[in-house]
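To keep things clear, I will list the structure first and then write my remarks on it.
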Amino acid sequence: MRESIQSLLGAIERDHGGIAVVWCPDIGLREWLVGEVESVVPTAAEAFRTSSVEEAIAWPRRMALLIPSTGDEVTTVLDLDGSRDRLHDEDHPRTQPIVLFLLRHGDGERALAEQAISLSSWIGGSDVDPEALSEIDDAAERTRFTEEAGQPPEAWLASWRAEEIRPTAESFALAYRAMLLEER
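Numbering of the sequence shown is given in the working numbering, commencing with residue 1 and proceeding in unit increments.
Quick look at the structure:
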């Protein structure tokens, strides 16, 4: 679980606006994963959903949750790869990441590996696989979280959602872990 969280946090913190990929097992779970990411992000990140690379690039101070339209993953990956220079615009630097949601073993993954090599290397390690997250011992992780944060996940999340906790790499990690461990 920690490796996946650190991958996401690396993308969020890297260059104040890198690119992260969330690998989704299927379309149905993709929507849930987008919601999970939205719930972890502080309001100040101004996360928004889009299927447009252009729109994601146009808002460098907002976290773009880039969700390709069904059947359009290859185009999205190639457009993002072709826009790398624009993503490094020194006059308008990104302060928030683009989080790209792709289907595992899908056309987007193949395009990333075979046609968008520069984008693939840029992302390098900033990808999250939710199946790895499912292989945790909930009780042990909840105990570890409570020891580290000083309170159970639900109590910590109440403070996070009320924006009483400053958004840092550490607090993003705790928020993500707490969301995964939250009892509903």
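Glycine residues also receive a C-beta, built at the ideal position from the N, C-alpha and C atoms. Here the structure is a predicted model, which means the values were calculated and not measured.
| query | result |
| --- | --- |
| Quick check: the Cα distance between residue 141 and residue 81, rounded to an integer number of angstroms? | 37 Å |
| Residue 108 and residue 77 - do their beta-carbons sit closer together than 7 Å? | yes |
| Indicate whether residue 84 and residue 65 have their beta-carbon atoms separated by less than 7 Å. | no |
| Return yes when the Cβ of residue 163 is within less than 7 Å of the Cβ of residue 182, no when it is not. | no |
| Could you compute how far the alpha carbon of residue 46 sits from the alpha carbon of residue 62? | 5 Å |
| Within 10 angstroms of its Cβ, does residue 262 collect 16 or more other Cβ (buried), or is it exposed? | Here the chain comprises residues numbered 1 to 184, so residue 262 is not present and cannot be evaluated. |
| How far does the beta strand (DSSP E) with residue 94 in it extend, from its first residue to its last? | It is not in any beta strand (DSSP E) - residue 94 carries neither H nor E in the DSSP assignment. |
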